[in-house]
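Asks: The working numbering numbers the first residue of the sequence shown as 2 and each following residue consecutively.
Take this structure, written in structure tokens, and hold onto it; I'll ask about it next.
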Amino acid sequence: MTVLDVFCNEFKSRSEEYYRLNIDNGTIKLIRNRGLATEQTIDKSLLYSTLIKSGDCVVNTEHKHEPEVGIGEEIVYQDDNILVVNKPCGVPVHPTGKYYYNTMTEIMKNELGVSSLYPCHRLDRLTSGILIIGKTPRAAAKYQTQLKQNSIQKTYIARVDGEFPMGNIVCSDKIVNIDCKRGKENGITEPKEALTNFQRLAYSTSLNQSIVKCSPKTGRTHQIRIHLRNLGHPIANDPLYGFNELLGIRRESPCGTLSEKSFEQVVKLATKKRDESRSANTCPKCGINLYRQRNPEELGIWLHALSYRSIDWKFHTRYPPWAKLQV
């Protein structure tokens, strides 16, 4: 593939015209044998025809805007090896997509004055709570191994729609995730085994909402959110899996049998939501529409990682304010 092929196929948020302009301006470069005596920067006039080789380095220098994120991170524990924070909702764990500086690793690197941090596990951008970060690769690997071996007990708190049933409720539906940008053929993942235990802690008759303790035994993407949706009690403010949302109550999607028509509808609604995240104001330098200022309630969902524990340690946060229901 050429450099243009890579950007057009893998980074679809921009048009081919935009990438051609960056190549012509020299802000997209192809460097061969980087760091060696034979290092060579390919002339921009040749980038449209030069095929990328193994070991080549593609550099893209770009004027970027980031959406605003939640604030109020709290250090729960730290020593020479690890850092444990209570992550605010709305903040990605590490640089991804349109986020770079507004991520937990970059924020904490700046606060601690260190050059590198190594997240030990995922935590959805919209989810708040316990996040374990290694200060060294070795420390991170230790906790990552425990997580892969399922030797860590994870407890989450969620606020869901409806009167959640009493008792120990188990959901073992397989998890399927959807990436609208990859098309239906490649955008629906293979179903993965998943298991979550649920227990109702409180119910408000006036709000018709419940507080539920969630104990995931596996670590699939959006596992708790999907399982609660499948049980008929989605997180009350979930913009993806809630009632009447993109992937709301729909039994076909967990099994990976989303129809072509349904997939196209999901893509259409997802595009509409992305467009709504932009304002009418444009950046005078790059010309793109700026991200609009969001309301605090848009930055997260009512799902909180309350505690992570093993035989040797336990990290715990306070209950979030939304977990107190008026019965």
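From the three backbone atoms N, C-alpha and C, an ideal C-beta is built for every residue, glycine too.
1. Specify whether the region 306-320 and the region 167-175 touch according to this definition: at least 3 beta carbon pairs, one from each stretch, less than 8 Å apart.
2. Would you kindly work out how many angstroms separate the C-alpha atoms of residue 81 and residue 270, rounded to a whole number?
3. So residue 225 is in the alpha helix (DSSP H); what residue range does that whole segment cover?
4. Quick check: what's the CA-CA separation for residue 22 versus residue 46?
5. For residue 8, which three-state DSSP category applies?
6. Which parts of the region 101-129 are runs of the alpha helix (DSSP H), unbroken and 4 residues or longer, counting only runs that do not cross its ends?
7. How is residue 97 classed by DSSP in three states: helix, strand or coil?
8. Can you tell me which of 4, 140, 176 and 33 puts its alpha carbon nearest to the alpha carbon of residue 219?
9. Is it the case that the Cβ atoms of residue 153 and residue 145 are separated by a distance below 8 Å?
10. Which value, in whole angstroms, describes the spacing of the CA atoms of residue 69 and residue 99?
11. By a C-beta neighbour count over all protein chains shown, 10 Å radius and 16 as the cutoff for buried, is residue 224 buried or exposed?
12. Compute the Euclidean distance between the alpha carbons of residue 296 and residue 149, then round it to the nearest angstrom.
13. So, using beta-carbon positions, are residue 91 and residue 233 closer together than 8 Å?
14. Give me the Cβ distance between residue 206 and residue 178, rounded to the nearest whole Å; I'm assuming they're in contact under 8 Å.
15. What's the gap between the Cα of residue 253 and the Cα of residue 48?
16. Could you check how far apart the C-beta atoms of residue 214 and residue 156 are, in whole angstroms? I think they sit under 8 Å.
17. Using CA atoms only, rank isn't needed, just tell me which of 55, 19 and 18 is closest to residue 35.
18. Residues in the same chain with beta-carbon distance under 8 Å from residue 73, minus the five sequence neighbours each way, listed in chain order, please.
19. Check residue 145 in the structure and name its three-state DSSP category.
20. Restricting to Cα atoms, I'd like to know which of 163, 231 and 226 is closest to residue 201.
21. Measure the alpha-carbon distance for residue 283 versus residue 289 and round it to whole angstroms.
22. If you drop the 5 nearest sequence neighbours on each side, which residues of the same chain put their C-beta closer than 8 Å to that of residue 242?
23. From residue 212 to residue 268, what does the alpha carbon distance come to, in whole angstroms?
24. Just to confirm the assignment, what range does the alpha helix (DSSP H) spanning residue 21 have?
25. Got a sec? Which residues, its chain only, sit under 7 Å from residue 79 by beta carbon, not counting five neighbours each side?
26. Could you check the C-alpha separation between residue 61 and residue 30 for me, to the nearest Å?
27. Less than 6 Å between C-beta atoms, sequence neighbours within five positions excluded: which residues of the same chain meet that for residue 9?
28. Can you list, in chain order, the stretches of the beta strand (DSSP E) that have 3 or more residues and sit fully within the region 171-221?
29. Measure how close the beta-carbons of residue 64 and residue 287 come, nearest whole angstrom, since I'm counting them as under 8 Å.
30. If distances are taken between C-alpha atoms only, which option among 151, 161 and 11 comes closest to residue 244?
31. Does the separation of the CB atoms of residue 103 and residue 67 fall below 8 Å?
32. To test your reading of the DSSP string, which unbroken beta strand (DSSP E) runs of 3 or more residues are found completely within the region 24-70?
33. Thinking residue 76 and residue 140 are a contact (beta carbons under 8 Å), I'd like their distance in whole angstroms, please.
34. Evaluate residue 38 with the Cβ neighbour count: other Cβ atoms within 10 Å of its Cβ, from every protein chain shown; 16 or more gives buried, anything less gives exposed.
35. With a Cβ-Cβ cutoff of 8 Å, do residue 119 and residue 135 count as a contact?
Replies: Taking the structure as given:
1. Output reads no: the region 167-175 does not touch the region 306-320.
2. Translated into positions along the sequence shown, residue 81 becomes position 80. Translated into positions along the sequence shown, residue 270 becomes position 269. One C-alpha to the other measures close to 46 Å.
3. Position 224 of the sequence shown, counted from the first residue, corresponds to residue 225. Looking at the DSSP string, the run of the alpha helix (DSSP H) that includes residue 225 is 224-231.
4. Counting from one through the sequence shown, the residue named residue 22 turns up at place 21. Counting from one through the sequence shown, the residue named residue 46 turns up at place 45. Their backbone Cα atoms lie some 12 Å apart in a straight line.
5. Here residue 8 refers to the residue found at position 7 of the sequence shown. Correct three-state label for residue 8: helix.
6. Fully enclosed alpha helix (DSSP H) runs of no fewer than 4 residues occupy 105-113 of the region 101-129, in order along the chain.
7. Here residue 97 refers to the residue found at position 96 when the sequence shown is read from its first residue. Three-state result, residue 97: strand.
8. The residue given as residue 219 occupies position 218 in the sequence shown. When only C-alpha atoms are compared, the closest one is 176.
9. As a working mapping, residue 153 is identified with position 152 in the sequence shown. As a working mapping, residue 145 is identified with position 144 in the sequence shown. The criterion of a C-beta distance shorter than 8 Å is not satisfied by residue 153 and residue 145.
10. The residue you call residue 69 lines up with position 68 of the sequence shown. The residue you call residue 99 lines up with position 98 of the sequence shown. Near 11 Å, if we compare the C-alpha coordinates of residue 99 and residue 69.
11. For the purposes of this step, residue 224 is identified with residue 223 of the sequence shown, where counting begins at 1. It is buried - the Cβ of residue 224 has at least 16 other Cβ atoms within 10 Å.
12. Within the sequence shown, residue 296 is the residue found at index 295, counting from 1. Within the sequence shown, residue 149 is the residue found at index 148, counting from 1. If you take the alpha carbons of residue 296 and residue 149, they lie about 36 Å apart.
13. As a working note, residue 91 is residue 90 in the sequence shown. As a working note, residue 233 is residue 232 in the sequence shown. No, they are not a contact pair.
14. Counting from 1 along the sequence shown, the entry for residue 206 is found at position 205. Counting from 1 along the sequence shown, the entry for residue 178 is found at position 177. About 35 Å; that fails the 8 Å criterion.
15. Position 252 of the sequence shown holds residue 253. Position 47 of the sequence shown holds residue 48. In this prediction, residue 253 scores a pLDDT of 46, lower than 50, which makes its location untrustworthy; the coordinate-derived value is nonetheless stated afterwards. Approximately 44 Å, taken between the alpha carbons.
16. Translated into the one-based positions of the sequence shown, residue 214 becomes position 213. Translated into the one-based positions of the sequence shown, residue 156 becomes position 155. Rounded, the Cβ-Cβ distance is 6 Å, consistent with contact.
17. Position 34 of the sequence shown holds residue 35. The shortest C-alpha separation from residue 35 is found at 55.
18. Counted from its first residue, the sequence shown places residue 73 at position 72. Sequence-distant partners of residue 73 (beyond 5 residues in either direction) whose C-beta falls short of 8 Å from its own C-beta, in its chain, are 89.
19. The count along the sequence shown starts at 1 and reaches residue 145 at position 144. The answer is helix: DSSP assigns residue 145 an H, G or I state.
20. Position 200 of the sequence shown, counted from the first residue, corresponds to residue 201. When each option's Cα is compared against that of residue 201, the closest is 163.
21. The residue given as residue 283 occupies position 282 in the sequence shown. The residue given as residue 289 occupies position 288 in the sequence shown. Distance between the alpha carbons of residue 283 and residue 289 is about 5 Å.
22. Translated into the one-based positions of the sequence shown, residue 242 becomes position 241. Excluding sequence neighbours, residue 242 sits near 223, 226, 227, 229, 230, 235, 236, 248 and 249.
23. In the sequence shown, the residue the question calls residue 212 occupies position 211. In the sequence shown, the residue the question calls residue 268 occupies position 267. One C-alpha to the other measures close to 31 Å.
24. Working through the sequence shown from its first residue, we reach residue 21 at position 20. Note, residue 21: alpha helix (DSSP H), 17-26.
25. Sequence index remark: in the sequence shown, residue 79 carries index 78 (1-based). Excluding sequence neighbours, residue 79 sits near 85.
26. In the sequence shown, the residue the question calls residue 61 occupies position 60. In the sequence shown, the residue the question calls residue 30 occupies position 29. If you take the alpha carbons of residue 61 and residue 30, they lie about 6 Å apart.
27. Here residue 9 is taken as the residue at index 8 of the sequence shown, counted from 1. In the same chain as residue 9, and ignoring 5 residues on each side of it, the C-beta atoms closer than 6 Å to its own belong to 17, in chain order.
28. Counting only runs of at least 3 residues, the region 171-221 fully encloses the following beta strand (DSSP E) elements, listed from N- to C-terminal order: 197-205 and 210-217.
29. Working through the sequence shown from its first residue, we reach residue 64 at position 63. Working through the sequence shown from its first residue, we reach residue 287 at position 286. Here residue 64 really is in contact with residue 287; their C-beta atoms are around 5 Å apart, less than 8 Å.
30. Residue numbering aside, residue 244 sits at position 243 when the sequence shown is read from its first letter. Nearest of 151, 161 and 11 to residue 244, Cα basis: 161.
31. What you label residue 103 is simply residue 102 of the sequence shown in a count that begins at 1. What you label residue 67 is simply residue 66 of the sequence shown in a count that begins at 1. In contact: residue 103 and residue 67 (Cβ atoms closer than 8 Å).
32. If we require 3 residues or more, the beta strand (DSSP E) runs fully inside the region 24-70 come out as 29-33 and 58-61.
33. Taking the sequence shown and counting its residues from 1, one reaches residue 76 at position 75. Taking the sequence shown and counting its residues from 1, one reaches residue 140 at position 139. In fact, because the Cβ distance is near 16 Å, the residues do not count as touching under 8 Å.
34. Translated into positions along the sequence shown, residue 38 becomes position 37. With fewer than 16 Cβ atoms within 10 Å of its Cβ, residue 38 is classed as exposed.
35. Indexing the sequence shown from 1 puts residue 119 at position 118. Indexing the sequence shown from 1 puts residue 135 at position 134. Yes; because the gap between Cβ atoms is below 8 Å, this pair is in contact.
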